[in-house]
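Mapped onto the UniProt record's numbering, the consecutive letters of the sequence shown carry residue numbers 1 to 571.
See below for the structure under consideration.
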Amino acid sequence: MRTQLLSIRPLLLWFMGSVVFDLLYCLFVYHVLIKGHIQVGPALFDASRANYLVTIFSLISGFLMDITLRNLLSYMRMAFLARPGGAPVTTFLALGPSTDWLSAAKIAWATQPPNFWLLVRLALPILSLALGSILKINTAFEYYFVSDGVGLDVYAGLTTLDNRVLEVASTAEVLVYFSMWVSSLLSTSKFAVGFALPDCGNSLCQALVLPGGLEMSRQHRPLEPFLNYSIFHDGTFDNAQTILIENAPGFVAEFRSLGESMTFDPVGECVYGAGLINDSLQLCARQMGNSLAAGNCPQKLLDVQGCNDDRSWIHRPLKFSTNLTVYRQHTTTAYSRQNFSIIDVKAIGDPKPVFISAVEYMKIFSKILVPSPNASAEAVYNINALAFALTWSHRNYGEVFPNDNSTLASLLHNFLSVPLQFTVTAVQWSNYSITEKGLQLPPDMNATFALPAEMVTRAKGGASGQRLVIETWTGCVFIAATAALLVLVHVGIVRILRLREPLPATSGIGDIDIMNSADDTTVRTLRAGAEDGDSPREDMSLLEFTRGLGTASSRSLAKSLRDRRVQRRKS
Numbered sequence: 001m002r003t004q005l006l007s008i009r010p011l012l013l014w015f016m017g018s019v020v021f022d023l024l025y026c027l028f029v030y031h032v033l034i035k036g037h038i039q040v041g042p043a044l045f046d047a048s049r050a051n052y053l054v055t056i057f058s059l060i061s062g063f064l065m066d067i068t069l070r071n072l073l074s075y076m077r078m079a080f081l082a083r084p085g086g087a088p089v090t091t092f093l094a095l096g097p098s099t100d101w102l103s104a105a106k107i108a109w110a111t112q113p114p115n116f117w118l119l120v121r122l123a124l125p126i127l128s129l130a131l132g133s134i135l136k137i138n139t140a141f142e143y144y145f146v147s148d149g150v151g152l153d154v155y156a157g158l159t160t161l162d163n164r165v166l167e168v169a170s171t172a173e174v175l176v177y178f179s180m181w182v183s184s185l186l187s188t189s190k191f192a193v194g195f196a197l198p199d200c201g202n203s204l205c206q207a208l209v210l211p212g213g214l215e216m217s218r219q220h221r222p223l224e225p226f227l228n229y230s231i232f233h234d235g236t237f238d239n240a241q242t243i244l245i246e247n248a249p250g251f252v253a254e255f256r257s258l259g260e261s262m263t264f265d266p267v268g269e270c271v272y273g274a275g276l277i278n279d280s281l282q283l284c285a286r287q288m289g290n291s292l293a294a295g296n297c298p299q300k301l302l303d304v305q306g307c308n309d310d311r312s313w314i315h316r317p318l319k320f321s322t323n324l325t326v327y328r329q330h331t332t333t334a335y336s337r338q339n340f341s342i343i344d345v346k347a348i349g350d351p352k353p354v355f356i357s358a359v360e361y362m363k364i365f366s367k368i369l370v371p372s373p374n375a376s377a378e379a380v381y382n383i384n385a386l387a388f389a390l391t392w393s394h395r396n397y398g399e400v401f402p403n404d405n406s407t408l409a410s411l412l413h414n415f416l417s418v419p420l421q422f423t424v425t426a427v428q429w430s431n432y433s434i435t436e437k438g439l440q441l442p443p444d445m446n447a448t449f450a451l452p453a454e455m456v457t458r459a460k461g462g463a464s465g466q467r468l469v470i471e472t473w474t475g476c477v478f479i480a481a482t483a484a485l486l487v488l489v490h491v492g493i494v495r496i497l498r499l500r501e502p503l504p505a506t507s508g509i510g511d512i513d514i515m516n517s518a519d520d521t522t523v524r525t526l527r528a529g530a531e532d533g534d535s536p537r538e539d540m541s542l543l544e545f546t547r548g549l550g551t552a553s554s555r556s557l558a559k560s561l562r563d564r565r566v567q568r569r570k571s
């Protein structure tokens with residue numbers, strides 16, 4: 001045994017190197033790429049680093065396996081010589097390190113069925129290519145977050161519509177939010193991103209998730225009654241790159257087009273706002289699931305100053321209308337500490353429908369479009385300013401750019417989403433305003449403005465980025481194939497070590513080992529006679545034999561050598 005071990009020492013060294021490296025690599029593939037453990041100890045494997053390591057490690061793994069198998073085959077052919085019957089000449093030559101792959105393939109084709117180890121020899125390039133590339137099939141990138149250990153208990157997410165705040169907040173304060181966000185709310189990454197809902201992904205339907213936002217979050221301080229401590233109040237997250245809000249309630253807003261044939265009851269379902277001459281605005285709401293629509297006076301009536309006289313446009317179908325359906329959706333959301341934008345949203349559970357009252361929306365419409373009898377001059381001015389901005393957009397895009405339907409539809413969607421996004425802000429403001437400012441509310445009104453318990457959650461600081469994601473099956477195939485090849489090499493080594501006769505010593509230089517084999521190897525003929533009638537010699541040295549072969553092709557040589565065997569010369 002000791003002699004055999006010394007004879008195959010180079011093979012053993014390559015094999016042990018492959019075992020150690022492939023074991024570590026397979027652990028990397030399993031934990032980092034399959035299980036998604038982005039951080040291992042102090043090492044962080046983001047997408048670029050993992051992709052680079054997979055490329056390098058796959059090349060090294062393929063290289064080690066190729067060298068190990070080549071060494072095994074070289075020793076296996078020497079082991080075949082020690083068997084009682086020797087080995088076929090074709091197998092002995094095809095497994096030699098000096099035989100190129102194409103010649104080995106021709107020999108295998110001409111000597112059907114080929115030896116198993118000859119098939120392994122032919123599979124070497126394919127195995128190297130497979131080990132080097134299988135992990136890159138259908139790779140993708142996925143968001144990850146790594147906490148730095150910093151966190152706070154917070155109120156986060158959004159709360160349902162609460163029109164009690166309309167009694168607390170002034171008209172001017174409410175109008176500020178509509179004026180600021182009616183043109184851009186749903187396109188602002190701080191508050192909304194796209195969301196996948198069944199049967200909603202075409203030009204007639206749009207779904208977005210509103211998870212809340214860092215600006216909406218407040219510190220959860222049970223011993224203090226006010227909600228006016230922002231998430232950044234005490235500098236906890238000053239050094240964080242990313243802030244993760246866990247399991248907070250938000251909304252999914254689904255907008256479906258109703259088409260231009262949609263009509264409303266102009267008396268019971270519509271609000272007509274704005275006091276500016278020839279700048280009327282019509283907003284309508286009907287409870288059909290949740291259905292809200294908006295419209296304005298046509299440009300041709302405005303041009304002749306006929307909006308106040310010709311009111312026929314009020315009864316016509318609204319060109320821009322939508323069906324709004326709202327769902328409650330808990331999410332874990334990551335935000336950029338630098339600009340508060342949403343980096344990643346993961347939905348928790350399925351969205352659940354929320355009842356949105358058309359009556360409550362009509363109250364909001366009236367608040368921001370129709371001045372009350374005792375409204376201040378400031379409130380009237382702000383209402384007219386908002387109405388002018390809305391109707392200007394309709395005149396500009398609806399009449400001057402009639403082919404641009406998306407802008408006005410987006411304005412309508414944004415307008416209807418402002419209460420969804422900023423009711424939580426109004427509740428927070430009301431919470432401390434009624435105490436700090438001593439506001440007087442109607443006697444029959446509940447003056448408690450507490451955020452619901454479901455909004456209490458945890459905010460964490462940390463770092464985030466993209467990680468490399470592979471198909472699970474490719475990782476499993478890679479690990480299984482690597483293990484199978486190592487087992488194959490182990491089986492070959494065991495077979496060699498079980499030989500009774502020692503293998504010839506190797507120099508490590510292929511050409512010298514080939515010449516030594518030629519001097520120490522006998523070729524035996526198994527045919528009863530030669531084709532030309534002469535009786536061939538029963539055996540001859542491999543060197544003598546090869547000198548008489550000539551320069552025939554590898555395939556023709558293989559055919560002529562099919563019945564000859566080679567074995568070590570008896571001492």
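Glycine is no exception: its CB is placed at the ideal position from the N, C-alpha and C atoms.
Is Val-267 helix, strand or coil by DSSP?
-> Counting from 1 along the sequence shown, the entry for residue 267 is found at position 267. Here DSSP, grouped into helix, strand and coil, assigns Val-267 to coil.
Near Cys-205, what residues of its chain come up, given a Cβ to Cβ distance below 6 Å and the 5 sequence neighbours on each side ignored?
-> As a first step, residue 205 must be located in the sequence shown, where it is residue number 205. Excluding positions up to five away in sequence, the list reads Arg-256.
Could you tell me the boundaries of the beta strand (DSSP E) in which Pro-353 lies?
-> As a working mapping, residue 353 is identified with position 353 in the sequence shown. Unbroken beta strand (DSSP E) run through Pro-353: 342-354.
Could you pull out every residue in the same chain whose Cβ sits closer than 7 Å to the Cβ of Phe-422, ignoring the five residues on either side in sequence?
-> Counting from one through the sequence shown, the residue named residue 422 turns up at place 422. So the list reads Tyr-177, once near-sequence residues are dropped.
Outcome for Glu-142 when other beta-carbon atoms lying within 10 angstroms are tallied against a minimum of 16 = By one-based count along the sequence shown, residue 142 stands at place 142. It counts as exposed.
Gly-475 classed as buried or exposed, judged by whether at least 16 other C-beta atoms fall within 10 angstroms | Translated into the one-based positions of the sequence shown, residue 475 becomes position 475. Under this definition Gly-475 is a buried residue.
Report yes if the CB atom of Ser-217 is closer than 8 Å to the CB atom of Tyr-155, and no otherwise.
-> As a first step, residue 217 is located in the sequence shown; it is residue number 217 there, counting from the start. As a first step, residue 155 is located in the sequence shown; it is residue number 155 there, counting from the start. Their beta carbons are under 8 Å apart, which means Ser-217 touches Tyr-155 by this criterion.
Proximity of Gly-62 and Ser-128 at Cβ, strictly below 8 Å | Taking the first residue of the sequence shown as 1, we reach residue 62 at position 62. Taking the first residue of the sequence shown as 1, we reach residue 128 at position 128. In contact: Gly-62 and Ser-128 (Cβ atoms closer than 8 Å).
Quick one: measure Cβ to Cβ for Met-455 and Ala-248, integer angstroms, because I've assumed they're closer than 8 Å.
-> Stepping through the sequence shown from its first residue, residue 455 is reached at position 455. Stepping through the sequence shown from its first residue, residue 248 is reached at position 248. The beta-carbon separation of Met-455 and Ala-248, rounded to 7 Å, stays under the 8 Å limit for a contact.
Whole-Å CB distance - Pro-419 paired with Leu-23, under 8 Å assumed | For the purposes of this step, residue 419 is identified with residue 419 of the sequence shown, where counting begins at 1. For the purposes of this step, residue 23 is identified with residue 23 of the sequence shown, where counting begins at 1. About 59 Å; that fails the 8 Å criterion.
State the DSSP-derived secondary structure class of Ile-245, mapped to helix, strand or coil.
-> Locating residue 245 in the sequence shown gives position 245, counting from the first residue. If DSSP states are grouped into helix, strand and coil, Ile-245 belongs with the strands.
Unbroken beta strand (DSSP E) runs of length 3 or more, entirely within the stretch 172-253: which are they?
-> 205-210
Just tell me which of Ile-343, Ala-481, Met-362 has its CA closest to the CA of Phe-145.
-> To locate residue 145, count along the sequence shown from 1; it is residue 145. Cα-wise, what sits closest to Phe-145 is Ile-343.
Kindly list the residues whose CB is nearer than 8 Å to the CB of Leu-13, restricted to its own chain and excluding five residues on each side of it in sequence; keep chain order.
-> What you label residue 13 is simply residue 13 of the sequence shown in a count that begins at 1. Excluding residues within five positions, none has a Cβ falling inside 8 Å.
Lys-367 lies in the alpha helix (DSSP H); which residues open and close that run?
-> Indexing the sequence shown from 1 puts residue 367 at position 367. Its alpha helix (DSSP H) spans residues 358-369.
Cβ-based burial, Trp-473 [other Cβ within 10 Å; buried from 16] = Here the question's residue 473 lines up with position 473 in the sequence shown. Exposed is the call here.
Status (buried if at least 16 other CB within 10 Å, exposed otherwise) for Gly-213 = Start at 1 with the first residue of the sequence shown, and residue 213 comes out as number 213. Looking at its Cβ environment, which holds 16 or more other Cβ atoms inside 10 Å, Gly-213 is buried.
On the three-pair Cβ rule with 8 Å, is the stretch 333-349 touching the stretch 228-247?
-> yes
So which of Phe-45, Leu-64, Thr-391, Gln-287 has the shortest CA-CA distance to Val-489?
-> Translated into positions along the sequence shown, residue 489 becomes position 489. Cα-wise, what sits closest to Val-489 is Leu-64.
Might you give, ordered along the chain, the residues of its own chain that have their beta carbon closer than 7 Å to the beta carbon of Asn-138, omitting 5 neighbours on each side?
-> Sequence index remark: in the sequence shown, residue 138 carries index 138 (1-based). So the qualifying residues of the chain are Glu-471.
Where does Gly-132 land, buried or exposed, given buried means 16+ other C-beta within 10 angstroms?
-> As a working note, residue 132 is residue 132 in the sequence shown. Result: buried.
Taking only runs of the alpha helix (DSSP H) that begin and end inside the stretch 40-106, which ones reach a length of at least 4 residues, in chain order?
-> 47-81, 89-94
Which value, in whole angstroms, describes the spacing of the CA atoms of Lys-190 and Pro-42?
-> Position 190 of the sequence shown, counted from the start, is the residue given in the question as residue 190. Position 42 of the sequence shown, counted from the start, is the residue given in the question as residue 42. Roughly 31 Å between the two C-alpha positions.
Residues near Gly-66 in its chain [Cβ-Cβ closer than 8 Å; skip 5 each side] = Locating residue 66 in the sequence shown gives position 66, where the first residue counts as 1. First, the residue type needs correcting, since residue 66 is Asp and not Gly in the sequence shown. Excluding residues within five positions, the ones whose Cβ falls inside 8 Å are Leu-124, Leu-127, Ser-128.
Secondary structure at Arg-337, three-state DSSP: helix, strand or coil?
-> What you label residue 337 is simply residue 337 of the sequence shown in a count that begins at 1. Coil at Arg-337, not helix or strand.
N-terminal and C-terminal residue of the beta strand (DSSP E) that Leu-486 is part of = As a first step, residue 486 must be located in the sequence shown, where it is residue number 486. Unbroken run through Leu-486 is the alpha helix (DSSP H), 472-497; no beta strand (DSSP E).
Since I believe Glu-254 is in contact with residue 578 (beta carbons under 8 Å), could you give me their beta-carbon distance rounded to a whole number of angstroms?
-> It is not possible to answer for residue 578, since the shown part of the chain is limited to 1 through 571.
From the DSSP output, which residues share a beta bridge with Lys-460?
-> Numbered from 1 along the sequence shown, position 460 holds the residue referred to as residue 460. Partner(s): Gly-151, Leu-244.
Which class does Cys-284 belong to by DSSP, given the choice of helix, strand or coil?
-> Mapped onto the sequence shown, residue 284 falls at position 284. Cys-284: strand per DSSP, three-state reduction.
Ile-107 versus Leu-197: straight-line alpha-carbon distance, rounded = To locate residue 107, count along the sequence shown from 1; it is residue 107. To locate residue 197, count along the sequence shown from 1; it is residue 197. One C-alpha to the other measures close to 60 Å.
Delimiting residues of the alpha helix (DSSP H) encompassing Ser-376 | Position 376 of the sequence shown, counting from 1, holds the residue named residue 376. It is not in any alpha helix (DSSP H) - Ser-376 carries neither H nor E in the DSSP assignment.
Buried versus exposed call for Ser-18 [16 or more other C-beta atoms within 10 Å across all chains shown] = On the sequence shown, position 18 is the one that residue 18 refers to. Taking a 10 Å sphere around the C-beta of Ser-18, we find 16 or more other C-beta atoms and assign the residue as buried.
Which two residues bound the contiguous alpha helix (DSSP H) that contains Arg-121?
-> The count along the sequence shown starts at 1 and reaches residue 121 at position 121. Counting along the chain, the alpha helix (DSSP H) containing Arg-121 begins and ends at 116-133.
Cβ contact check for the stretch 29-37 and the stretch 45-54: 3 or more pairs under 8 Å | Enough Cβ pairs lie closer than 8 Å, so yes.
So Asn-414 packs on Val-182, CB below 8 Å; how close in whole Å?
-> Counting from 1 along the sequence shown, the entry for residue 414 is found at position 414. Counting from 1 along the sequence shown, the entry for residue 182 is found at position 182. At roughly 5 Å, the Cβ-Cβ gap stays under 8 Å, so Asn-414 and Val-182 are in contact.
Is Ser-464 buried or exposed, if buried means 16 or more other CB atoms sit within 10 Å of its CB?
-> The residue labelled residue 464 in the question sits at position 464 within the sequence shown. By the 10 Å Cβ count, Ser-464 comes out buried.
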